[in-house]
Amino acid sequence: MTPILLVLCLIFQCGSAFMDIPVRDLPDAIRDEFVKIFMQTLNFFHTCNSSDTQEVQYLLYNGKHLKQPVVLDPKAPAEVDQEKPTVFIIHGWLSSPNSSSFPMIRDAYLTKHDYNVIMVDWAKTTQTAYTHAYCALPIIAKQVAQLLCLLDANYNIPLEMIHLVGHSLGGQMSGLIGQNTKEFCQKPVDRITALDPAGPLFLGLPESNRLDSSDANFVQVIHTNGGVFGYLLSCGDVDFFVNCGLFQPGCISIDIKKLLDSLVSDVTCSHSRSQQYMAESIYADNFVGYSCKLCPVACVSEVHKPKTTMMGEYSPRNAKDRYLVTTASSPPFAQKCNSYTYGICL
1 MTPILLVLCL IFQCGSAFMD IPVRDLPDAI RDEFVKIFMQ TLNFFHTCNS
51 SDTQEVQYLL YNGKHLKQPV VLDPKAPAEV DQEKPTVFII HGWLSSPNSS
101 SFPMIRDAYL TKHDYNVIMV DWAKTTQTAY THAYCALPII AKQVAQLLCL
151 LDANYNIPLE MIHLVGHSLG GQMSGLIGQN TKEFCQKPVD RITALDPAGP
201 LFLGLPESNR LDSSDANFVQ VIHTNGGVFG YLLSCGDVDF FVNCGLFQPG
251 CISIDIKKLL DSLVSDVTCS HSRSQQYMAE SIYADNFVGY SCKLCPVACV
301 SEVHKPKTTM MGEYSPRNAK DRYLVTTASS PPFAQKCNSY TYGICL
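Okay, structure coming up:
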């Protein structure tokens with residue numbers, strides 16, 4: 001790690017610092033895997049050997065704690081308000097609760113709704129090589145599931161009032177948490193929203209090792225960078241392929257020859273954009289999806305009377321299958337279409 005980056009990590013949380021530097025300045029192990037992910041050449045043939053516990057903090061925000069969170073004791077989380085629905089927000093690789101657009105999602109919930117918002121802080125694990133965070137994922141998912149079952153059993157906060165919102169590795173973790181609650185307390189969580197869930201090393205895994213539609217009563221997936229940092233295929237009750245789910249308008253194209261000189265935030269722009277879409281959707285239900293059976297292979301909406309549904313916070317519980325969503329290149333991103341023909345919003 002360079003001296004400049006070390007200073008930044010002491011002042012801010014490292015996840016934020018990582019986003020604002022060129023790829024070449026990442027620590028060696030992180031940089032090597034970052035490049036392999038971008039080039040779609042990352043492989044992992046080793047057995048995961050994570051410790052039994054990982055350091056995780058749970059940061060509670062609600063009407064009483066809007067600016068300064070309460071750090072919950074996972075064995076006695078008495079500060080969670082049992083009268084309110086609860087949203088868990090889970091960040092991904094190279095991120096932290098205060099990096100990228102996670103504060104936007106948190107503040108949107110606190111502004112628009114009277115909720116408990118709990119940020120799952122596992123940044124000490126995500127500031128390492130991707131394969132290390134990948135191996136730690138099942139361990140941390142079990143720890144979070146144990147907290148959820150404790151809230152359900154002893155604090156009158158039922159899993160029916162729990163919504164998990166996870167980005168990247170956090171999206172995949174949400175699925176594993178849901179699997180574990182069904183095992184630990186014989187109940188599913190109510191809802192999962194996976195924001196461009198991580199793709200590297202997950203494609204081809206059995207459903208028991210990744211996010212899938214059985215992990216909650218309702219699983220919504222928002223795809224923005226499939227095949228690179230995100231998961232390419234459908235894996236929820238409803239899957240939204242935003243701008244075909246590959247690359248997002250407003251994000252610059254990355255020249256492979258100049259990858260090492262590119263900012264990490266520019267390279268991951270499409271992957272991170274799902275967070276901004278989610279935050280905007282909490283304020284208003286303006287993201288309209290049009291049925292797209294061939295997405296992401298062929299992003300063409302159905303010509304004759306395509307089905308429509310809303311993407312994001314207010315996606316209806318009966319939404320099923322695949323949908324195509326078109327956005328603007330800058331906020332506000334949502335585009336309400338009068339009609340949608342051959343992938344064009346009119």
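Note that full-length UniProt numbering numbers the sequence shown so that position 251 is 251, with each residue one more than the last.
The beta-carbon is built from N, C-alpha and C at its ideal position, and this holds for glycine as well.
Backbone CA spacing between residue i and residue j [nearest angstrom]
i	j	result
Asp239	Asn286	17 Å
Arg322	Cys292	6 Å
His163	Trp122	18 Å
Phe38	Pro77	40 Å
Gly171	Ser272	12 Å
Thr181	Gly199	23 Å
Gly226	Gly236	14 Å
Tyr283	Thr131	36 Å
Asp28	Thr224	27 Å
Ala133	Trp93	7 Å
Gln179	Val221	17 Å
Asn154	Met104	31 Å
Leu5	Pro306	No answer about Leu5 holds up, because its pLDDT of 38 lies below 50 and its placement is not dependable.
Val297	Val71	44 Å
residue 354	Asp114	Since the first and last residues shown for the chain are 1 and 346, residue 354 lies out of range.
Ser95	Ala319	30 Å
Gly245	Glu33	23 Å
Thr327	Met311	12 Å
Ser208	Phe184	15 Å
Cβ distance (whole Å) where residue i is taken to contact residue j below 8 Å
i	j	result
Ser174	Leu148	Actually they do not touch by this definition, with Cβ atoms about 11 Å apart.
Val80	Leu151	6 Å
Tyr61	Pro74	With 8 Å as the limit, Tyr61 and Pro74 do not qualify as a contact, their Cβ atoms being about 17 Å apart.
Val35	Ser262	Val35 to Ser262, Cβ: 11 Å. No contact.
Among the options, the one whose alpha carbon lies nearest that of residue i
i	options	result
Cys299	Val189, Ser315 and Phe247	Phe247
Val120	Glu33, Pro138, Asn98 and Phe88	Phe88
His65	His167, Ala194 and Val117	Val117
Ile256	Gln146, Leu26 and Gln40	Gln40
Leu42	Phe184, Pro85 and Phe202	Phe202
Glu313	Ala136, Gly245, Ile157 and Tyr109	Tyr109
Ser301	Leu259, Gln276, Phe241 and Ser253	Phe241
Phe18	Thr86, Gln82 and Ser99	Ser99
Ile254	Phe45, Ser101, Val228 and Ser315	Val228
Gln186	Ile177, Ala194, Val56 and Thr193	Ile177
Ala279	Leu232, Thr111, Thr326 and Leu259	Thr111
Ser329	Tyr290, Gly230, Gln276 and Ser96	Gln276
Lys84	Asn217, Pro188 and Leu159	Leu159
Span of the beta strand (DSSP E) around residue i
i	result
Met39	No beta strand (DSSP E) contains Met39, which DSSP labels as neither H nor E.
Asn62	Gln57 to Asn62
Pro138	Run containing Pro138: none in the beta strand (DSSP E); it sits in the alpha helix (DSSP H), Tyr130 to Asn154.
His65	His65 to Val71
Asp239	Val238 to Val242
Asn209	Careful: Asn209 lies outside any beta strand (DSSP E) and carries neither H nor E.
Exposure label - residue i; buried when at least 16 CB within 10 Å
i	result
Thr125	buried
Gly204	exposed
Ile252	exposed
Cys48	exposed
Phe45	exposed
Gln82	exposed
Leu294	exposed
Gly63	exposed
Asn156	exposed
Bounding residues of the alpha helix (DSSP H) (the contiguous stretch that carries residue i)
i	result
Tyr283	Cys269 to Tyr283
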